[in-house]
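In what follows, a single structure is set out as structure tokens and then discussed.
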Amino acid sequence: MHLPVWRFGKPYESLERDTLVHFLTGEPVAEVSRVGGAIVGRDLQKAAQARRALLAIDPEEIVERLQTAGNLYANGTVTVGDTKQSPDDFVKQQSATTGLPESLCRANMQKNMFVLSSMDRILDALSRGLDPTILWRGHGAEHRGVTVSYQAQSPVLGLVLPSNSPGVHTLWLPVIALGVGLVMKPGSQEPWTPYRMAAAMVEAGIPAEAIALYPGTTDVGASILAGCRRSMIFGSAKTVDQYRGNPGVQVHGPGFSKIILGDDCVDDWPRYLDTICESVAINSGRGCINASAVYASRHTQAIAAAIAERLGPIEVKPPDDPEAKLAAFTIPGAAKATWQQIEGGLKAPGVTHATAPYGDRLVEGERCGWLRPTVVHCASPEPDIAKAEYMFPFVSVVECSQERVLDCIGPTLVCTAITGDPAFTARLIDSTHIDRLNLGAIPTTKLNWLQPHEGNIIDFLYRSRALQMPAAG
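Under the working numbering, the residues of the sequence shown are numbered 20 to 492, in order.
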């Protein structure tokens, strides 16, 4: 199977290719053409054509075609590269190169299909009921009769996509429906979702010239970020720091998502164990929305022990086993290096390893490794491991007073706060370092897609501005 470069809909087979291999066997899965940043830079000079192709179609028709694309993506056989690809083919190929169990690949497919099938409702919510034709024309009258104008800040959105979690692709799915093209650098191990999604969109009638795919090395990502006036990049905390303050780049890094048990609810903590464990372990703990810490003022040792009893026995299983819950670290040595870092953190005063009774956490294979779920207890928020996040089911249970907790948790993508205390609830709502706030026993991983995620994508792609015309008559 060969995946070509897609230069705004025109397939391009490069002499330079990367071979994707199965993470367990090393057998070839696909060849991927790759290009350098210079080609990307040249192609982006024609980026305006991507938006023009979309604006030639009625916005409601675009949404209907995206809904069709969602069904094709999840249930149909589409041409990906030079090969017909069924949903089962996709799942096996994605699992083979990412190390994610097949059952989790299927779950992520359903998540992407849900977003596409609900696109009309999602756009209505994110645009606050704005008539979509206003984004097409650039101006119009709101339902209140007020003239508004929205100016697209870029004809395309650049995307430097990750390899670690197929779930992040839900973030860019609304872009085409907003009349903005896509320029993507696929993740080196996970080109499958963007390629299959692009193929499904084109088959459903989305203009091929509105989508570009550029596999390649880091200079491709740099060219996309330099050439697109609006871009998204997924990376580490270092990546977040690198682009902090750049209004044209939206950075998605570690989430450091958390659960807080309020003083009024913490004595009933066993009632919330299902919520906690789902938040930590679903999707193999790979997402930025997975909880990496649980904060409470008391009972923390018992809470840590109960989570460890639930998650600690989970074993590594083959990727095609329906019961497999753990993804592999496919880069040689990565699992071992991560575990060594955790072992260093466990030596800090006040830190105990709650999953130690359930066997070794590090499982090494011939070509890869795994880390079994790990629960640590921190007697205070001070140890570094209390603030850690890893790419597997890992959680620190931290003892901290309710009075101090909001000063200690730091940046938090999703916070599930289990409390009915009005005063504490008001403080949570006012906390500027919490992005998504769940009030009540809602898993951090359960997202309402009718609400913004790390900012509103419309506010990122469009600028609201003044536009006046002479009064009639």
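Just so it is clear, CB atoms sit at the ideal spot from N, CA and C, and this is done for glycine as well.
Tell me, which residues are paired with residue i by DSSP?
i      : result
Phe133 : The partner list for Phe133 (beta bridge, DSSP) is empty, contrary to what the question assumes.
Leu280 : Ile437
Glu50  : His21, Thr38
Val270 : Ile252
Tyr31  : Val24
Gln104 : Val97
So what does DSSP say about residue i, is it helix, strand or coil?
i      : result
Ala373 : coil
Pro289 : helix
Thr152 : helix
Arg482 : strand
Thr44  : coil
Ala245 : helix
Met128 : helix
Arg26  : strand
Phe109 : helix
Gln487 : coil
Gly60  : helix
Thr96  : coil
Gly89  : helix
Ala144 : helix
Ala69  : helix
Ala160 : strand
Asp77  : coil
Cys119 : In the sequence under discussion, the amino acid at residue 119 is Leu, which differs from the Cys named in the question. Residue state, collapsed to three classes: coil.
Arg263 : coil
Suppose contacts are defined by Cβ-Cβ distances below 8 angstroms. Is residue i in contact with residue j by that definition?
i      : j      : result
Ile326 : Ala315 : no
Gly331 : Tyr377 : yes
Leu198 : Arg70  : Inspection of the sequence shows that residue 198 is occupied by Gly rather than by Leu. Result yes, Cβ atoms of Gly198 and Arg70 sit closer than 8 angstroms.
Val99  : Thr189 : no
Glu418 : Ser399 : yes
Cys397 : Val416 : yes
His242 : Gly28  : It should be pointed out that residue 242 corresponds to Ser in this sequence rather than to His. No. Outside cutoff.
Thr116 : Val48  : yes
Ser105 : Pro338 : no
Arg482 : Gln112 : no
Thr357 : Gly118 : no
Arg36  : Glu46  : no
Gly369 : Pro341 : no
Thr438 : Gly272 : no
Ala218 : Val97  : yes
Asp454 : Leu486 : no
Leu345 : Ser276 : no
Leu496 : Gln172 : No answer is possible for residue 496: the residues shown for the chain start at 20 and end at 492.
Asn183 : Met132 : no
Arg386 : Pro351 : yes
Leu43  : Pro471 : no
Ala570 : Leu458 : The structure shown does not extend to residue 570, since the chain is modelled only from 20 to 492, so the question has no answer here.
Val394 : Ile404 : no
Val259 : Val270 : yes
Pro193 : Pro205 : no
Val424 : Ile279 : yes
Item checked: Runs of beta strand (DSSP E) wholly within the segment 428–477 (minimum 3 residues, chain order) -> 431–437, 453–458
Check: Three or more C-beta pairs closer than 8 angstroms, one from the segment 55–62 and one from the segment 230–243: is that the case here?
Finding: They touch, by the three-pair rule.
Margin query: As an exercise, report each continuous alpha helix (DSSP H) stretch of at least 4 residues that is fully enclosed by the segment 163–242, in chain order.
Written below: 211–222
Notebook entry, point to check: With a cut-off of 8 angstroms, do at least 3 Cβ pairs link the segment 138–158 to the segment 78–88?
Noted result: yes
Notebook entry, point to check: Residue ranges of each alpha helix (DSSP H) run of no fewer than 4 residues wholly in the segment 297–369, ordered along the chain?
Noted result: 319–330, 353–365
Note to self: Counting beta carbon pairs with one atom in the segment 389–399 and one in the segment 236–244, are three or more of them shorter than 8 angstroms?
What the structure shows: A contact between stretches requires three or more CB pairs, one per stretch, nearer than 8 angstroms, and the segment 236–244 fails this requirement with the segment 389–399.
Notebook entry, point to check: Any chance the segment 457–475 sits against the segment 298–314, with 3 or more Cβ pairs inside 8 angstroms?
Noted result: yes
Check: Okay, do the segment 211–228 and the segment 251–268 touch, 3+ Cβ pairs below 8 angstroms being the bar?
Finding: no
Check: Could you give the uninterrupted runs of the beta strand (DSSP E) lying entirely in the segment 370–430, keeping only those of 3 residues or more?
Finding: 370–372, 381–383, 388–390, 393–397, 413–418
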